[in-house]
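Student: Protein chains in written order, with the numbering used here: chain A, 23 to 346; chain B, 23 to 346. Note that beta-carbon positions come from the ideal geometry of N, C-alpha and C, so glycine has one too. Below: one structure in structure tokens.
So, in structure tokens, the structure goes:
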């Protein structure tokens, strides 16, 4: 059985080998550029791991794994335009380095290139694989749409928020694992279970991200503490706090949410104080644990030797305690 | 054998029946909106016609035909953003009615929905159909990229221009016919020939469009005469004129190309005068005829009864003499 780090290394090497036409240069250069910015290649590596766990030939899973990585980077390229983001992994975003039109069109081609790579599977599983890919891709778009809508809305509830993060980030983890499992020879039931494992773990991971933004060790977390608070991001913590707040706490939160150029330090301190009073961290941790439990329950039910499943447990444990 | 107008009516009715989720509304409403703006539904109708000509069941070709129409409208939605176009078929464009982000993301989902529809074919032909769809889709993106680049470049030559219009508009006609033919049971050779027919006819049709912009009867053409001249569009006529111009004609053309707010009437008169002196209309008509001839040569070689092929000849004749 291959280690996750080995699978990530395989993907990193294969991404470098990906061939795109040289003409028109402005269409294909941005694709090479965004793929060269790195990243942990976690989604494609998980696809390979799922294939490996079910006894499949990892080499046969490489093109679909690259499809997932190309697709993921397509969503980043378009999301960066929509979010008006100047930087991606510390480098200039495509729409800034070229222009938004280049970002739109290169992204479109990336989505098609994703399909071309995903189609490099045996005929016997082609339709099943593409059905999963379609569902995953639509889900990510729906999640991005909800994310943008929630930025402008005040009254987002926890259920809506969970739906959004499930679609925007968790279904790709589930879909990658499910596709890898099918290539590896998993039956429908096991493939569905590994999807659930990935999806529920993805939700738990996103909730952990929300918690770490406020309560994480900045050295381990690698991001600015309070970044979500500074940008008024509607995280689990903020939504829960707005739900539980008494009138004076609500007034305080809303005051800060509406100041155009606040003192960010004071804002983070004020938010964190109210979060502490309302114990939203505990709510978030409870929810996170519940989704992690669902993930592990699905994993337990998969018809695989326990030592194979241990790889996914180790991966999940690594994710869930990584930063804190 | 069904008439083109009947096939267009089938598509119009089927487009109205297309179902999309209601949530998130901002993601799916723009798709329903752009599909409701009408259009001649020529591409999907040709797909059905090709299926019909080869003796296939037209009903089985309806989902892939809808895929071509959804894909075409995806390209329109994204092109309108890139071209900053306020109107599409006389109605407000999606990015104007909502905003550019909505246009980007709804367009992305449309491309995926196109794949979902295109996959509704028998397993035996799934991979062939999707390969053609992928090639078509990439071609259209490359064509749009070249079109945008050529707007900013001075030295576009005729060969580059033909490549651009082939990719941007002609490959979809070819691809639609080829997909329909395969669903209808055509062999590889005939499917390739009908692709060539559509592609070469598409180039001829675009060249006719360039000619009609300057020399068309405005009542029949339905567009403002000289619109391409007013917008400095690099058509076959302009490229050929710049190629053939003597120094004084070149200076005159470049003067008009660089005036920020010209008297458009005078500009059209000046351009048309130089076009007439250089006889670029004749060059364009000769090129148009050459591409039409290639289309008809491919059509002649298809292994179908002549009375079946007559439907495509009639269609092509209708296209090529329609406006003048």
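Are the stretch 109 to 117 of chain B and the stretch 141 to 156 of chain B touching, with three or more C-beta to C-beta distances below 8 Å?
Tutor: With a cut-off of 8 Å, the stretch 141 to 156 of chain B and the stretch 109 to 117 of chain B do not count as touching, because too few Cβ pairs lie within range.
Student: For residue 98 of chain B and residue 191 of chain B, I'd like the C-alpha separation in whole angstroms.
Tutor: C-alpha separation (whole angstroms): 12 Å.
Student: Taking the C-alpha atoms as reference points, what is the distance between residue 274 of chain B and residue 225 of chain B?
Tutor: Their Cα atoms are separated by approximately 29 Å.
Student: Would you kindly check if the distance between the Cβ of residue 32 of chain A and the Cβ of residue 70 of chain A is under 8 Å?
Tutor: Their beta carbons are under 8 Å apart, which means residue 70 of chain A touches residue 32 of chain A by this criterion.
Student: Whose C-beta lies closer than 8 Å to the C-beta of residue 170 of chain B among residues of the same chain, with five residues either side of it excluded?
Tutor: Contacts found: 104.
Student: Pick from A/247, A/269, A/313: whose alpha carbon is nearest that of residue 291 of chain A?
Tutor: Selected option, being the one with the closest Cα: A/247.
Student: Name the chain A residues whose beta carbon is nearer than 7 Å to that of residue 142 of chain B?
Tutor: Residues of chain A passing the Cβ test: none, with the nearest at roughly 10 Å.
Student: What in chain B is Cβ-close to residue 159 of chain A, meaning under 7 Å?
Tutor: Within 7 Å Cβ-Cβ: 134.
Student: Taking DSSP as the reference, what is the three-state secondary structure of residue 113 of chain B?
Tutor: The answer is strand: DSSP assigns residue 113 of chain B an E or B state.
Student: From residue 293 of chain B to residue 166 of chain B, what distance separates their C-alpha atoms?
Tutor: About 26 Å.
Student: Span of the alpha helix (DSSP H) holding residue 145 of chain B?
Tutor: From DSSP, the alpha helix (DSSP H) with residue 145 of chain B extends over 145 to 174.
Student: Taking the alpha carbon of residue 118 of chain B as the reference point, which residue from B/131, B/102, B/132, B/133 has its own alpha carbon closest?
Tutor: Residue B/102 is the option with its Cα nearest to residue 118 of chain B.
Student: Could you check if residue 186 of chain A is buried or exposed, using at least 16 other CB atoms within 10 Å of its CB as the buried criterion?
Tutor: Burial call: buried.
Student: In chain B, what lies closer than 7 Å to residue 46 of chain A by C-beta?
Tutor: The contacting residues are 164, 167, 168, 171.
Student: Which two residues bound the contiguous alpha helix (DSSP H) that contains residue 311 of chain B?
Tutor: Segment 302 to 323, the alpha helix (DSSP H) holding residue 311 of chain B.
Student: Determine the direct distance from the alpha carbon of residue 289 of chain A to that of residue 251 of chain A, and round the result to whole angstroms.
Tutor: So the two alpha carbons sit approximately 8 Å from each other.
Student: From residue 134 of chain A to residue 271 of chain B, what distance separates their C-alpha atoms?
Tutor: Each residue's alpha carbon lies about 44 Å from the other.
Student: Relative to the C-alpha of residue 189 of chain A, which candidate in A/164, A/136, A/255 has its C-alpha closest?
Tutor: It is A/164 whose Cα lies nearest to the Cα of residue 189 of chain A.
Student: Taking the CB atoms as reference points, tell me whether residue 302 of chain B and residue 263 of chain B lie closer together than 8 Å.
Tutor: Yes, Cβ-Cβ distance for residue 302 of chain B and residue 263 of chain B is below 8 Å.
Student: Tell me whether residue 107 of chain B sits in a helix, a strand or coil according to DSSP, three-state version.
Tutor: Three-state result, residue 107 of chain B: coil.
Student: Quick one: residues in its chain with C-beta nearer than 8 Å to the C-beta of residue 299 of chain B, no 5 flanking neighbours on either side, listed in chain order?
Tutor: Taken in chain order, the residues that qualify are 271.
Student: Is residue 326 of chain B helix, strand or coil when you go by DSSP?
Tutor: Reduced to three states, the DSSP call for residue 326 of chain B is coil.
Student: Which residues in the same chain as residue 26 of chain A place their Cβ atom closer than 7 Å to its Cβ, once the five residues preceding and following it in sequence are excluded?
Tutor: Cβ neighbours of residue 26 of chain A beyond the five flanking positions: 67, 71, 337.
Student: Please report the straight-line C-alpha distance between residue 260 of chain A and residue 130 of chain B, rounded to a whole angstrom.
Tutor: Rounded to whole angstroms, residue 260 of chain A to residue 130 of chain B spans 30 Å at the Cα level.
Student: With a cut-off of 8 Å on the beta carbons, I'd call residue 232 of chain A and residue 317 of chain A a contact; round off their distance for me.
Tutor: That pair is no contact at about 17 Å.
Student: Sorted by chain position, which residues of the same chain lie with C-beta nearer than 6 Å to residue 89 of chain B's C-beta, five sequence neighbours on each side aside?
Tutor: Around residue 89 of chain B: 136, 139, 140.
Student: What residues in the stretch 102 to 132 of chain B have a beta carbon less than 7 Å from any beta carbon of chain A?
Tutor: Hits within the stretch, in order: 103, 104, 123, 126, 127, 130, 131.
Student: Would you be able to state if there are at least three C-beta pairs under 8 Å between the stretch 210 to 220 of chain A and the stretch 320 to 334 of chain A?
Tutor: Result yes; three or more Cβ-Cβ pairs closer than 8 Å.
Student: Cβ closer than 8 Å: which chain B residues qualify as neighbours of residue 137 of chain A?
Tutor: Here the neighbours are 137, 152, 156.
Student: Buried or exposed for residue 60 of chain A, going by 16 or more other Cβ atoms inside 10 Å?
Tutor: It is exposed - the Cβ of residue 60 of chain A has fewer than 16 other Cβ atoms within 10 Å.
Student: Could you tell me whether the Cβ atoms of residue 24 of chain A and residue 205 of chain A are closer together than 8 Å?
Tutor: No.
Student: What is the rounded straight-line gap between the Cα of residue 80 of chain B and the Cα of residue 73 of chain B?
Tutor: Cα-Cα distance, rounded: 6 Å.
Student: In this structure, how does DSSP classify residue 31 of chain A when only helix, strand and coil are distinguished?
Tutor: It is helical.
Student: So residue 55 of chain A is in the alpha helix (DSSP H); what residue range does that whole segment cover?
Tutor: Looking at the DSSP string, the run of the alpha helix (DSSP H) that includes residue 55 of chain A is 47 to 58.
Student: Is it the case that the Cβ atoms of residue 91 of chain A and residue 65 of chain A are separated by a distance below 8 Å?
Tutor: The answer is yes: Cβ separation under 8 Å.
Student: Kindly indicate which three-state DSSP category residue 44 of chain A falls into: helix, strand or coil?
Tutor: Correct three-state label for residue 44 of chain A: coil.
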